[in-house]
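*Asks:* The sequence shown maps to residues 2 to 244 in the working numbering. Mind having a look at this structure? Questions to follow.
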Amino acid sequence: MHSSVEHIDSHATCCFIFSTMTAKEILDALLSAYGKPPWWSDDPWTVCVQAVLVQHTAWSNVLKTWETYGNLLGVDDVLDASDEELATRIRSCGFAKAKTRTIKALASFYSSLDWDKPFDLEEMRNGLLSLKGIGEESADVILTYAFHLPSFAIDAYTRRLMERLDGRPHGDEELRTFFEEGLGHDVELFGRMHWLILEQGKTHCRAVQDCTGCPLSHACLGKCVEMDGVNGNGNKQADQDSV
Ligand code: SF4
């Protein structure tokens, strides 16, 4: 399914650049290659729980857990369940004890929110970061997809992609500024971009990159040059991502 790129184009105005491409140009190239990705979920609590479950595990394990126990992972179910019951339900996502503690804390936080007034971004971010087990990436994912508050999530895929594109590493704050300014603080664009970078990181810009056919190769300083099966970084091309 391909996107209405034109619609999304109309939101972003800034041209803040530190890489060979602006954030907007990266978004357009990825949208053209992969199409408009779905929103995580329309249900904010589903986003919250899944953002914790997916930590240090594959998305397929989250889906498996959701298929079996999704109807027992609502906010009230979580608050009512004992630690042992909840840990049993989420065990296939790994780190069950730690994730149980985090999801329970998140449920208390979530149920204490006043939904009648607009959420304040900084207050919400600080609240989420105060919960054990919620780091910056999880907090920003939850803010974006659950609460529609524009806080761009930086993950390992983003760091790797931008380091290769620009030929040098960047700190998370620099990356956040690049995307937040470049995408005009637009939460919809943040959500689409995060998902597209994940897609790019699994398809082309993997641990050992596959630059052939990459939608960003025309502007990438780190693209590999094929030489008898060895890429420009001196690595053998791999079949599997090893993230
Ligand atoms: S050209 Fe290669 S290194 Fe550059 S973004 Fe694409 S896959 Fe990554």
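The beta carbon of each residue, even a glycine, is placed where N, CA and C say it ideally should be. All figures in this text were calculated on a predicted structure; none of them were measured in a lab.
Which whole-angstrom value describes the C-beta separation of M125 and L107, a residue pair presumed to lie in contact below a C-beta threshold of 8 Å?
*Replies:* Taking the sequence shown and counting its residues from 1, the one referred to as residue 125 is at position 124. Taking the sequence shown and counting its residues from 1, the one referred to as residue 107 is at position 106. Not confirmed; about 12 Å, so no contact.
*Asks:* What do you get for G168, buried or exposed, if any count of 16 or more other CB atoms within 10 angstroms of its CB means buried?
*Replies:* As a first step, residue 168 must be located in the sequence shown, where it is residue number 167. Counting Cβ neighbours within 10 Å, G168 comes out exposed, since fewer than 16 surround it.
*Asks:* Could you compute how far the alpha carbon of K65 sits from the alpha carbon of V76?
*Replies:* What you label residue 65 is simply residue 64 of the sequence shown in a count that begins at 1. What you label residue 76 is simply residue 75 of the sequence shown in a count that begins at 1. If you take the alpha carbons of K65 and V76, they lie about 19 Å apart.
*Asks:* Grab the span of the alpha helix (DSSP H) containing A24 for me, first residue to last.
*Replies:* The count along the sequence shown starts at 1 and reaches residue 24 at position 23. First-last of the alpha helix (DSSP H) with A24: 24-35.
*Asks:* Determine the burial state of P216: buried for a count of at least 16 other Cβ atoms within 10 Å of its Cβ, exposed for fewer.
*Replies:* Numbered from its first residue, the sequence shown carries residue 216 at position 215. Under this definition P216 is a buried residue.
*Asks:* Using beta-carbon positions only, say whether R165 and G134 come within less than 8 Å of one another.
*Replies:* Taking the sequence shown and counting its residues from 1, the one referred to as residue 165 is at position 164. Taking the sequence shown and counting its residues from 1, the one referred to as residue 134 is at position 133. Cβ distance not < 8 Å, so R165 and G134 don't count as in contact.
*Asks:* Check whether the Cβ of R160 sits closer than 7 Å to any heavy atom of the ligand SF4, and report yes or no.
*Replies:* Position 159 of the sequence shown, counted from the first residue, corresponds to residue 160. For the ligand SF4, not one heavy atom lies less than 7 Å from the Cβ of R160.
*Asks:* From the DSSP output, in three-state form, read off G185 for me.
*Replies:* Taking the sequence shown and counting its residues from 1, the one referred to as residue 185 is at position 184. Here G185 sits in coil by DSSP.
*Asks:* Helix, strand or coil, according to DSSP, for S246 in the structure here?
*Replies:* Within the shown structure, residues of the chain are numbered from 2 to 244, placing residue 246 beyond reach of any answer.
*Asks:* Within a Cβ cutoff of 6 Å, which residues of the same chain sit near P170, ignoring the five residues on either side of it in sequence?
*Replies:* Against the sequence shown, residue 170 aligns to sequence position 169. Correct list, in chain order: E164.
*Asks:* To the nearest whole angstrom, what separates the beta carbons of H48 and I143, a pair I think is in contact under 8 Å?
*Replies:* Residue mapping note: residue 48 aligns to position 47 of the sequence shown, counting from 1. Residue mapping note: residue 143 aligns to position 142 of the sequence shown, counting from 1. The question names His, yet the displayed sequence has Val at residue 48. Contact holds; Cβ gap of about 6 Å.
*Asks:* Would the segment 89-101 and the segment 52-63 be scored as touching if the rule is three or more Cβ pairs under 8 Å?
*Replies:* Yes, the segment 89-101 touches the segment 52-63.
*Asks:* Only counting the same chain, and skipping five residues up and downstream in sequence, which positions put a Cβ closer than 8 Å to that of Y110?
*Replies:* Within the sequence shown, the letter at position 109 stands for residue 110. According to the sequence provided, residue 110 is Phe. The question's Tyr does not apply to it. Only G128, L129, L132 meet the Cβ criterion.
*Asks:* Got a sec: does the ligand SF4 put a non-hydrogen atom nearer than 7 Å to the Cβ of Q210?
*Replies:* Taking the first residue of the sequence shown as 1, we reach residue 210 at position 209. The answer is yes for Q210.
*Asks:* Please determine whether the Cβ atom of H57 lies at a distance below 7 Å from any heavy atom of the ligand SF4.
*Replies:* To locate residue 57, count along the sequence shown from 1; it is residue 56. No, the Cβ of H57 stays beyond 7 Å of every heavy atom of the ligand SF4.
*Asks:* If you count every other CB in all the chains shown that lies within 10 Å of the CB of G192, and 16 or more means buried, which is it?
*Replies:* As a working note, residue 192 is residue 191 in the sequence shown. Buried, because 16 or more other Cβ atoms sit within 10 Å of the Cβ of G192.
*Asks:* Here's a check: name, in chain order, each residue in its chain whose Cβ is nearer than 6 Å to the Cβ of E200, leaving out the five neighbours to either side.
*Replies:* Position 199 of the sequence shown, counted from the first residue, corresponds to residue 200. For E200, where only same-chain residues beyond five positions count, the Cβ hits under 6 Å are Y35.
*Asks:* If you draw a straight line from the alpha carbon of L54 to that of I198, how long is it in whole angstroms?
*Replies:* Here residue 54 refers to the residue found at position 53 of the sequence shown. Here residue 198 refers to the residue found at position 197 of the sequence shown. Spanning the two alpha carbons is a distance of roughly 20 Å.
*Asks:* Under 7 Å Cβ to Cβ from T14, same chain only, skipping five residues before and after it: list those, please.
*Replies:* Position 13 of the sequence shown, counted from the first residue, corresponds to residue 14. The predicted model places T14 with a pLDDT of 37, which falls under 50 and marks its position as unreliable; any figure quoted below should be read in that light. Hits under 7 Å: G185.
*Asks:* Just how far apart, CA to CA, sit I27 and D84?
*Replies:* If you number the sequence shown from 1, residue 27 lands on position 26. If you number the sequence shown from 1, residue 84 lands on position 83. In a straight line, the C-alpha of I27 is about 43 Å away from that of D84.
*Asks:* Let me confirm a value: T288 is counted as buried when at least 16 other C-beta atoms fall within 10 Å, else exposed. Which label applies?
*Replies:* Residue numbering for the chain in the displayed model covers 2 to 244; residue 288 lies beyond these limits and cannot be assessed.
*Asks:* Taking only the alpha-carbon atoms, compute the straight-line gap between E86 and T159 and give it to the nearest angstrom.
*Replies:* Position 85 of the sequence shown holds residue 86. Position 158 of the sequence shown holds residue 159. Those two C-alpha atoms are separated by around 35 Å.
*Asks:* Please tell me whether, using a cut-off of 7 Å, the distance from the CB of C221 to the nearest non-hydrogen atom of the ligand SF4 is below it.
*Replies:* Taking the first residue of the sequence shown as 1, we reach residue 221 at position 220. Result yes, Cβ under 7 Å from the ligand SF4.
*Asks:* V63 and K105 look like a contact to me (Cβ under 8 Å); what is the Cβ gap, rounded to whole Å?
*Replies:* In the sequence shown, residue 63 corresponds to position 62, counting from 1. In the sequence shown, residue 105 corresponds to position 104, counting from 1. That belief does not hold up - the Cβ atoms of V63 and K105 are roughly 18 Å apart, past 8 Å.
*Asks:* Quick check on DSSP: helix, strand or coil for F179?
*Replies:* For the purposes of this step, residue 179 is taken as the residue at position 178 of the sequence shown. In the structure shown, F179 sits in a helix (DSSP, three-state: H, G or I).
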